[in-house]
Each structure stands twice: as structure tokens, then as C-alpha cells.
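*Asks:* Pasting a structure below so you can have a look.
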């Protein structure tokens, strides 16, 4: 298992390098000029100097390794320096955003908590709703509850977040005036009232993202439970006189969770992608919104870094899912 | 079919009749098919019957509410000439929904066909030719590891202007969106087709065909492709649903078609700013997208059951 994990980790290095190269070359083709927003009164020779100052003068085979070095060497050094007060980085050039002229990772660190808070919370809520629905749907297959669950998950698959989010705003913010439509990220939770406010502003974005998760995870949970409920060991457990709750919740559930856990791990990158749209609807100033702003402003280092971070997340989650599968299910042997 | 009673000699039936008979028993799928036909007619035949130019401005007649709002209060501005109301520039919303739906559905179908074609091609090649398998599947895994939505956004932004210059504003964006969605969503089809082709390759009828010297080209088209038709069709319905949603998402993020060119996602995006005063303008296109995708998903569900010979005929 350990050897398998190490091998997978080693394989993921060329994969990530290739992905970084694809993203870099795609951005390299960009006809958009980061200097396009500058006033036209700037003389051409000054403009040329500004381009050089942005690091655009060098050809791509110089800039791509430089970016890799900055991403994998310089940025971790700064990170360690910040954490332990050392001086590894020694003033080396960091990845600088074209738009704000500040280090990309500092901006990402500012935006990260909002996204993590909304996305993470919605994923937890979605999974927590999905598991019982899946279990009951499978246990009472073809019952009214099962049919309703199927229908709800169909809706979850079909209604895109930009419509469900807008619909929730129309109903709960515009018509009923219960919940705020804009997520206020400057809000600080200090007492009970502000905590309630935080809860109220989180309900809608979390629910929109959770609907997607619930739809997917509850389907997998149901299918997995159905596979296990007909197994021989379930009959044995019942024959031994175990109560129904022990049979279902201990024997069947634990075995059914094996594929579901991997599905949950694999779904994490997808929900970050979905957050791009949800953040746009509820005006959350998280990573997704940062990406959109950077795209519109031709901020190539920012787009490159955020996209690559998402790719790292996908590759890592794939690896974690495969390793988890091997750990949880002793029948799986990778070696 | 082997265990059918021998006494009942029926006329030999095409297997697609059996599929259709099974499909009809799935109520959701039939409802979905009816809705898809309805919405297709609505956006294709509709503009012929409802002969209003979707782009025609009529400032005097702006912000007309839909007809049913007239029931609740007499002071609401409604007009029979605009059953779904008009927007802030006085454009007829019903005509816009029709025009937008035509684009959304066209993008969905074309992108789906492209994705399924690519997926089938790569899947069949990887499954049939052992030498290509490792390479093609490694490539599929790589593409699956790409963050697709951000890359699609990047592609939209980068290639918008050159394609617009070459093919004109509307066709350029159409080609861009269809290609973008197509080349980012073929991977699932490829994996499924590869698995099925590999399993089929071990069957006796393939061995028999090979023993009489069938060349690889005819082997694929005559023997393998017809047998992987059902998983391809199921993933095609899923692909249609995702393509419609992706196109609307791109339009919603402001990176799709130009602003005077309506699609469902674009109309939704343009109406969000005024949704406090005119919520119905958000609801119409949103409902159209959601119901179409729901219908397509149900059709996929029904097709999966109908094409599975183990379920069919029970």
C-alpha cells in the first residue's frame, strides 16, 4: 500500500508538470495584452519598458521554468519564512499579480477563508443530508420516500446552480425578505446576534451548493446500499438474531460506505468549480470571483496559479480516493 | 430472446421496437420526451407563428409584465401583444426565449455530437488496438485531471476575438463554445466505450469474424460499434444535458455569446440585475433550462433501462 502510494505520488509529478505546461501554453496564446488597460498617452518605449518590468520580455521557455521555480521553490520558502521567522527566500522574486502588483499567494490567502467556509460547509451539509436519504431510499426501495428522493436528486442534477441560487434569492430575499441576498465577508462573529446573522447569510449559498452534492452522493449511497443488502452476510446477520438496526447500520452501512467515501473525495474538486458560479451569484469575494476578475483583466500569473492549484486539488483527491479505497476495502490489492 | 416460447410464432421484430416498448413503460422518460419535443417545436416552429423580432427595441413599451400578473392587480402594465412581458428595452420576452432556446439547444446538440464522436473514436481505438491503449488512456486521465471550467473560461476569453474576426460575431462564438464544450466532455464516453469494446473483443463472434479475415475497419463498423450503441446513447443524453448547462453557465458568467444575441443563459444573466423588480424575467429562462435538462435526464434514465436487455421484456 505504501509503495503504491509513493508510486502514485511520483506519477502525479509529471502529470502536474504537463497540466502546468498546458495551462501555461494556453495563456501564452492569449492575444489579450495586460497593457491594454493603460492610458494611450504612455509613449511606446515606456510601454515596452513596462512590459519588460512585468517579465513579458523573455520567451516562454525561460518564463515557464521560472514560474515553476517560483511556484515550487520560492513560494514555499516565503511560507516557511512567515511561519518560523527564518530567511530562506532572501528576497527572491515571488509570483506577482499584474493587476494588484502584490504577490499572488497573498491575495489567494486572503480569499481562501471565504471560499473554504462556504464551500466546505456546503459539502459537509450536502453529505450529511445525502447519507440518510440514500440509506432510507435503499432500505425502503420503491417506497414513496425512495421515489421522492429520486425525484429530488433528478432536480439536483438538472437545475443549474445559477438558476437555483437566483430562484432562492427571488423567493427568500425578494418576496419573503427573510435572508440577505449578498454574502457579507467583512462580517465578524462576536456575539449571538452576529452569529445568527452569519448563519442567515450562509443558508442560501450553502444550500445551493449542497443540493448538487446531495443529488450525487445520495444516488451513490442508495446504489451501494442496494448492492450490499442482498448479500449473504446480511442474511447471516439476520439469522443470528441481530436487530434490524444493527444489521443495517453496522453491517450494511459500513460496507456500503467504501465506494461512497471515494465518491465524496472525488467530488471535492468539482464543488470548487461549482463555487465559481455560486460566488458570482451571492457576491462572495472568494477564489472563484478572484479567478473571474483575473480573467477579465488579463492577469496571467493569477489565472495560471489559481487554475494550477485546482489541478493540484484534482490530482491529489484522485490519489486520496484510490488510496482510501485500498485501505477501506481489504479485497482491493494494488500491488 | 432464446427463452421465448417457440409456439408463439410472431413476425420477427426489429430490436428497436422492443427498446421502444420498454421505453414507453418509463413514465418519466415519456414525459421527458414529450417535453423535449414540445420545447424543440416551441423554439423552431414558434418563431414562425409568433412573428416578432426578438431584437426589436420598443422603449415606449418597456417593462410590460406577463399577462397573468394582470389578475392580481389592475395597475400592473400588461399587454396581449407581449404575453410574457417585455424587458427594460421593450424587447418581447417570448420572442427572446424562442430565439435563445434555438441557440441553446443548437449548441447543446452540436457539442454533444462532437463530444460523443470524439469519445467513441478514442474509446474504440483504445479498446481495439492494444498498442494505442496505454497512450490514449493516459491522455484521457490527463484531460480528466484538468480543471475544466476555469480552462473553458480561459479558452472563451482567449479565442473569442480571433474567431469573431474570422467567422463573424455569432458563428465565431458558436464554433468556439461548441468546440470548447466538445473537447472538454468526451472523456466519460471514451472510458465506457473502451471498456465495452475490450469485453466484446473476447467474444466468439469477434473471433469468428476475424477468422474469416475481416479487416479492422469493417470489424469496428460492422461488429463492435452496433454493440456499443446503447452505452453511447445513454452517455449522449447525459452529454446533451451537461452541454446545455455548460453553455448557460458560460453565458451566465458573461463569457458566452455577445450581449445582443440571446441564449437562455444570457437572458438569465441580463435579468439578474433587475430581479428584485421583475423576478419573472429570471424565472422564464431558468425554468426553460432546468426543465429541458430534467427532461433529457429522464430520457437518459429511460433509455438506460430500455437498452439493457436484462431489464427489457420483464
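Chains as they are written, first to last, in the working numbering: chain L, 849 to 1183; chain X, 2 to 315. Cβ coordinates follow ideal geometry from the N, Cα and C atoms, glycine included.
Please tell me whether residue 2 of chain X has its Cβ less than 9 Å away from any Cβ of chain L.
*Replies:* The predicted position of residue 2 of chain X is uncertain, since its pLDDT is 47 and thus under 50; a value taken from the coordinates is nonetheless stated next. With 9 Å as the cut-off, residue 2 of chain X does not count as an interface residue toward chain L.
*Asks:* So, is the C-beta of residue 920 of chain L closer than 9 Å to a C-beta in chain X?
*Replies:* Residue 920 of chain L does not count as touching chain X.
*Asks:* Using DSSP with H/G/I as helix, E/B as strand and the rest coil, what is residue 134 of chain X?
*Replies:* Of the three classes helix, strand and coil, the one that applies to residue 134 of chain X here is helix, per DSSP.
*Asks:* How would you label residue 150 of chain X, buried or exposed, when you count the other beta carbons within 10 angstroms and need 16 or more for buried?
*Replies:* Buried is the call here.
*Asks:* Please list, in chain order, all residues of the same chain as residue 104 of chain X whose beta carbon is under 6 Å from its beta carbon, the five residues on each side excluded.
*Replies:* Excluding positions up to five away in sequence, the list reads 264.
*Asks:* Can you round the beta-carbon distance between residue 970 of chain L and residue 1051 of chain L to whole angstroms, since I take them to be within the 8 Å contact cut?
*Replies:* Contact flag wrong, Cβ pair sits at about 10 Å.
*Asks:* DSSP state of residue 280 of chain X, grouped into three classes?
*Replies:* Correct three-state label for residue 280 of chain X: coil.
*Asks:* With H, G and I counted as helix, E and B as strand and the rest as coil, what does DSSP make of residue 2 of chain X?
*Replies:* Caution applies to residue 2 of chain X, whose pLDDT of 47 falls short of 50 and renders its modelled position unreliable; the value that the coordinates give is listed next. Note: residue 2 of chain X maps to coil in three-state DSSP.
*Asks:* Jot down the residue ranges of each uninterrupted alpha helix (DSSP H) in the segment 1120 to 1153 of chain L, minimum 4 residues, whole runs only, in chain order.
*Replies:* Runs found: 1135 to 1144.
*Asks:* Per DSSP, what kind of secondary structure is residue 247 of chain X in: helix, strand or coil?
*Replies:* Correct three-state label for residue 247 of chain X: helix.
*Asks:* Mind checking whether residue 289 of chain X and residue 102 of chain X have CB atoms under 9 Å apart?
*Replies:* Yes, the Cβ-Cβ distance between residue 289 of chain X and residue 102 of chain X is below 9 Å.
*Asks:* Can you tell me which of the three DSSP states residue 944 of chain L falls into?
*Replies:* If DSSP states are grouped into helix, strand and coil, residue 944 of chain L belongs with the strands.
*Asks:* Going by beta-carbon coordinates alone, are residue 303 of chain X and residue 34 of chain X separated by less than 9 Å?
*Replies:* For residue 303 of chain X and residue 34 of chain X, yes; Cβs fall inside 9 Å.
*Asks:* Mind checking if residue 1163 of chain L is an interface residue toward chain X, Cβ cutoff 9 Å exclusive?
*Replies:* Interface residue, yes.
*Asks:* Please work out which residues of its chain come closer than 7 Å, Cβ to Cβ, to residue 1163 of chain L, disregarding the five sequence neighbours upstream and downstream, and give them in chain order.
*Replies:* Excluding positions up to five away in sequence, the list reads 860, 863 and 864.
*Asks:* Going by the CB atoms, is the gap between residue 112 of chain X and residue 240 of chain X shorter than 9 Å?
*Replies:* Yes. Within cutoff.
*Asks:* Pick out whichever of L/1013, L/1174 and L/1151 has its Cα sitting closest to the Cα of residue 158 of chain X.
*Replies:* Here the closest residue by C-alpha is L/1151.
*Asks:* Rounded to a whole number of angstroms, what is the C-alpha to C-alpha distance between residue 183 of chain X and residue 110 of chain X?
*Replies:* Whole-angstrom Cα-Cα distance: 10 Å.
*Asks:* How close, in whole Å, do the beta carbons of residue 1100 of chain L and residue 1073 of chain L come, if the pair is a contact with beta carbons under 8 Å?
*Replies:* Right, the Cβ-Cβ distance comes to about 6 Å (below 8 Å), so this counts as a contact.
*Asks:* Tell me, which residues are paired with residue 103 of chain X by DSSP?
*Replies:* None; residue 103 of chain X has no bridge partner.
*Asks:* Spell out a yes or no on whether the segment 1123 to 1134 of chain L and the segment 1003 to 1013 of chain L are touching, meaning 3 or more CB-CB pairs, one atom from each, closer than 8 Å.
*Replies:* Touching, yes, given that three or more Cβ pairs across the two stretches are closer than 8 Å.
*Asks:* For the segment 113 to 166 of chain X, which segments carrying the alpha helix (DSSP H) assignment without a break, of at least 4 residues, lie completely within its bounds, in sequence order?
*Replies:* The qualifying runs are 131 to 145.
*Asks:* So which residues of chain X does residue 1121 of chain L contact, with C-beta pairs closer than 8 Å?
*Replies:* Neighbours of residue 1121 of chain L on chain X, chain order: 148, 149, 150 and 151.
*Asks:* For residue 981 of chain L and residue 1079 of chain L, I'd like the C-alpha separation in whole angstroms.
*Replies:* Near 21 Å, if we compare the C-alpha coordinates of residue 1079 of chain L and residue 981 of chain L.
*Asks:* Classify residue 1080 of chain L as helix, strand or coil using the three-state DSSP reduction.
*Replies:* Correct three-state label for residue 1080 of chain L: helix.
*Asks:* Is any beta-carbon of chain L found at less than 9 Å from that of residue 108 of chain X?
*Replies:* Chain L contact via Cβ: absent.
*Asks:* Please classify residue 1188 of chain L as buried or exposed, where buried requires at least 16 other C-beta atoms within 10 Å of its C-beta.
*Replies:* Within the shown structure, residues of chain L are numbered from 849 to 1183, placing residue 1188 of chain L beyond reach of any answer.
*Asks:* At a Cβ threshold of 9 Å, is residue 986 of chain L touching chain X?
*Replies:* Chain X, which has no Cβ nearer than 9 Å to the Cβ of residue 986 of chain L, makes this no.
*Asks:* Indicate the three-state DSSP secondary structure (helix, strand or coil) for residue 1028 of chain L in the structure shown.
*Replies:* Looking at residue 1028 of chain L - three-state DSSP - the assignment turns out to be coil, as it is neither helix nor strand.
*Asks:* Starting from residue 1159 of chain L, find everything on chain X with Cβ-Cβ shorter than 7 Å and list it in chain order.
*Replies:* Result: 146, 147 and 148.
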